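K.L.:
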Amino acid sequence: MKQSIYHTEDARWQAVETRDANADEQFVFGVITTGIFCRPSCRARHPLRQNVRFYQSADAAQAAGFRPCKRCQPDKAPLHQQRVERIRKACAVLDASEQSLTLDALAQEMAISPYHFHRLFKSVTGMTPKAWQTARRNQRLRDALTHGEAVTPALYQAGFGSGSSFYRDADAALGMTAKQFRSGGKQLSLRYAMVDCHVGRCLVAQSPRGICAVLLGDDDAELEAQLAGLFPLAKRRLAQDDFSDILEKVVACIRAPDTRLDLPLDFQGTLFQQQVWEALRAIPSGETISYQALAAKVGKPNAVRAVASACGANRLAIIVPCHRVLRRDGQLSGYRWGVARKAALLQHEAKKET
Ligand SMILES: [Zn+2]
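Taking full-length UniProt numbering, the leading residue of the sequence shown gets 1, the next gets one more, and so forth.
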C-alpha cells in the first residue's frame, strides 16, 4: 500500500527532500558523484537531484556499485527493528535495576539523546520510561503483598522511597491502602450506576482512585453480577445523583469514541496488561489492529496469546478500545461483551470516519 506513494521518481525525490522516514523501507538512493547510497531519511546534506539514482533495495544499490552510507546505514536492519531492539534492551536494564534510573542515565546507556530516547520509548512501549518504572515498582509491591509479606518491608523492597510520601505513593500505586490490598480489597468501596448507550446497557464503576470498570450488558442484574465477579470483596454501592456528571462524561466518550475521557482511570492489572491497554488507547477510532501487530507494538512480537488475554482482561469497555483488535485475517474473533456488540461498535466507528 505504502509502496504506491513512492512509485515515481518525483515522489521518491520529494521523500528524500523531506527526509520522509516512512519511505525508509521502500527504496534507497545512490549519489553518483560520491558512490554512496542512503535511506530517504538520512540526515546528511542533500545531493543535487541530477546526481541521484533510486533503487528498490540496498542489495540493488550495492549491485550497482554503491557503498552504504555510514550515517544512515541503509544496509542494516530496518530502522524500526533497530529501534525496537534498543528499547527492548532499555526495558531489560530498567527491569533489572532496583532503584529508579534517570532518563539521562538510561539514554546514555543506550547511546541516544534523552529527547529521542523518551520519544522512542513511548512509541515502542506506549508508556514513558517513568511510567514503566512506576508500573514495575507497583507490580513488585503487589507481588510481595500477595505473597503475604508485611506492608512496610514490602514497600521498601519494591523501591518506594522513605519519607512523607511513602504511604501516599503506595496507596496511589495500589488504588487502595496497602493494608486493604493485603486483605483482598475488602475495604475498597466502589460506587456505580447504570445507563443506556448505543450498544445496550452500560455500568460505570468508580473506586477512590478513578474509573475502575465500564461494563456492557443487556440488563442491570447481569451488569451487577459482572461487577461482583470483578470486585468480589469490595463494598459496592449504587450511586446517587452525585454520580451523574461522571456517567455523562463516560457516555459521551462511548458515543464519540474519539473524545478522550478526562477522568482518572484506575487500571488494576499487571505491568504487561497495563502496557497492552495503553497501546490500545493509542489506536484511533475507525482503525483496527491485529493481535500480532499489537504484540509487536508492545515490543513482544511473540507474545500474541498473552496480548489476546490482556485484551480479554480489559475492564474498561470502549475507554480501552479492545474491540479494535481483530484477527490477522480480519475476522472479529472474541469480545468480552459479545461479538455482535463488537461488530456494532466497529460499524459505529467506521461510519464516523466517512
Ligand atoms: Zn546516509
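For each residue, glycine too, the CB sits at the ideal point set by N, CA and C. Predicted model only: the values in this text are computed from it and were never measured.
Pull up the distance between the alpha-carbon of Phe121 and that of Ala221, whole angstroms please.
P.N.:
Using only the alpha carbons, I get a separation of about 43 Å.
K.L.:
For Val214 versus Val250, is the C-beta distance shorter than 8 Å?
P.N.:
Yes.
K.L.:
Suppose contacts are defined by Cβ-Cβ distances below 8 Å. Is Glu349 in contact with Ser290 by that definition?
P.N.:
Contact flag unset, no.
K.L.:
Decide if the segment 19 to 29 is in contact with the segment 52 to 62; the criterion is three or more beta carbon pairs, one per stretch, under 8 Å apart.
P.N.:
With a cut-off of 8 Å, the segment 52 to 62 and the segment 19 to 29 count as touching, because enough Cβ pairs lie within range.
K.L.:
Rounded to a whole number of angstroms, what is the C-alpha to C-alpha distance between Leu263 and Ala279?
P.N.:
Rounded to the nearest angstrom, the two C-alpha atoms are 18 Å apart.
K.L.:
Is any heavy atom of ligand 1 found at a distance shorter than 7 Å from the C-beta of Ala77?
P.N.:
No; taking the cut-off as 7 Å, the Cβ of Ala77 has no heavy atom of ligand 1 nearer than that.
K.L.:
Using the C-alpha atoms, what's the distance from Ala295 back to Thr288?
P.N.:
One C-alpha to the other measures close to 14 Å.
K.L.:
Have a look at the DSSP bridge pairing and note the partners of Gln206.
P.N.:
DSSP lists Arg191, Ile211 as partners of Gln206.
K.L.:
Considering only their Cβ atoms, is the gap separating Tyr192 from Leu238 smaller than 8 Å?
P.N.:
The answer is yes: Cβ separation under 8 Å.
K.L.:
Output the distance between the C-alpha atoms of Gln292 and Pro301, rounded to the nearest integer angstrom.
P.N.:
Rounded to whole angstroms, Gln292 to Pro301 spans 7 Å at the Cα level.
K.L.:
If you compare alpha carbons, which of Asp20, Gln50, Cys38, Asn314 is closest to Ile211?
P.N.:
Here the closest residue by C-alpha is Asn314.
K.L.:
Ile318 bridges to which residues according to DSSP?
P.N.:
Paired residue(s): none; Ile318 is not in a bridge.
K.L.:
With burial defined as no fewer than 16 other Cβ atoms inside 10 Å of the residue's Cβ, what is the status of Thr354: buried or exposed?
P.N.:
In this predicted model, Thr354 has a pLDDT of only 44, less than 50, meaning its place in the structure is not dependable; the value taken from the coordinates is given anyway. It counts as exposed.
K.L.:
Hey, how far is the Cα of Asp219 from the Cα of Ala317?
P.N.:
Their Cα atoms are separated by approximately 16 Å.
K.L.:
Give me whichever residues DSSP pairs with Asp241 in a beta bridge.
P.N.:
Looking at the DSSP assignment, Asp241 forms no beta bridge with any residue, so it has no partner.
K.L.:
Grab the span of the alpha helix (DSSP H) containing Val124 for me, first residue to last.
P.N.:
Val124 -> alpha helix (DSSP H) spans 114 to 125.
K.L.:
Could you work out which residue in Cys202, Ile5, Arg209 is closest to Trp337 when comparing CA atoms only?
P.N.:
Checked all of Cys202, Ile5, Arg209; the closest Cα to Trp337 is Cys202.
K.L.:
Rank Asp242, Tyr335, Cys311, Ile283 by C-alpha distance to the C-alpha of Pro257 and give the top, closest one.
P.N.:
Residue Ile283 is the option with its Cα nearest to Pro257.
K.L.:
If Ala131 and Phe117 are in contact, beta carbons under 8 Å, what's the gap, nearest whole angstrom?
P.N.:
Incorrect: roughly 14 Å between the Cβ atoms, too far for contact.
K.L.:
Helix, strand or coil: which one does DSSP assign to Cys72?
P.N.:
Reduced to three states, the DSSP call for Cys72 is coil.
K.L.:
Between which residues of its own chain and Ala90 is the CB-CB distance below 7 Å, once the five residues before and five after are set aside?
P.N.:
Excluding sequence neighbours, Ala90 sits near Leu106, Met110, Phe121.
K.L.:
How should Lys2 be labelled, buried or exposed, when 16 other C-beta atoms within 10 angstroms of its C-beta is the threshold for buried?
P.N.:
Legend: pLDDT at Lys2 = 42, less than 50; position of this residue unreliable, no value from coordinates given.
K.L.:
Give me the Cβ distance between Ala144 and Gln157, rounded to the nearest whole Å; I'm assuming they're in contact under 8 Å.
P.N.:
The pair is a contact, with the Cβ atoms about 6 Å apart (cut-off 8 Å).
K.L.:
Am I right that Leu271 and Ala234 are in contact with their C-beta atoms under 8 Å? What's the rounded C-beta distance?
P.N.:
Not confirmed; about 23 Å, so no contact.
K.L.:
Could you check if Tyr335 is buried or exposed, using at least 16 other CB atoms within 10 Å of its CB as the buried criterion?
P.N.:
Looking at its Cβ environment, which holds 16 or more other Cβ atoms inside 10 Å, Tyr335 is buried.
K.L.:
Would Leu141 pass as a contact of Ala96 if the rule is Cβ separation under 8 Å?
P.N.:
No.
K.L.:
Can you have a look at Gln273 and say buried or exposed, based on whether 16 or more other CB atoms are within 10 angstroms of its CB?
P.N.:
Label assigned to Gln273: buried.
K.L.:
Which same chain residues, not among the five before or five after Arg328, have their C-beta less than 6 Å away from its C-beta?
P.N.:
Within the same chain, Arg328 has close Cβ partners Ser290, Gln292.
K.L.:
Do the CB positions of Asp24 and Ser41 come within less than 8 Å of each other?
P.N.:
Taking 8 Å as the Cβ cut-off, Asp24 and Ser41 qualify as a contacting pair.
K.L.:
Taking the C-alpha atoms as reference points, what is the distance between Ala15 and Ser100?
P.N.:
The alpha-carbon atoms of Ala15 and Ser100 are separated by roughly 40 Å.
K.L.:
Using a threshold of 7 Å, is the CB atom of Arg71 nearer than that to any non-hydrogen atom of ligand 1?
P.N.:
Answer for Arg71: yes, Cβ within range of ligand 1.
K.L.:
At what residues does the alpha helix (DSSP H) containing Cys311 begin and finish?
P.N.:
Its alpha helix (DSSP H) spans residues 304 to 312.
K.L.:
Does the beta-carbon of Cys253, which I'm using as the reference point, lie nearer than 7 Å to any heavy atom of ligand 1?
P.N.:
Cys253 Cβ: outside cutoff for every heavy atom of ligand 1.
K.L.:
By a C-beta neighbour count over all protein chains shown, 10 Å radius and 16 as the cutoff for buried, is Gly35 buried or exposed?
P.N.:
It counts as exposed.
K.L.:
For a test of your reading of the model: does the CB of Arg53 fall under 7 Å from any non-hydrogen atom of ligand 1? Yes or no.
P.N.:
No, since every heavy atom of ligand 1 falls outside the 7 Å radius drawn around the Cβ of Arg53.
K.L.:
Does any heavy atom of ligand 1 sit closer than 7 Å to the C-beta of Arg19?
P.N.:
No - ligand 1 has no heavy atom lying nearer than 7 Å to the Cβ of Arg19.
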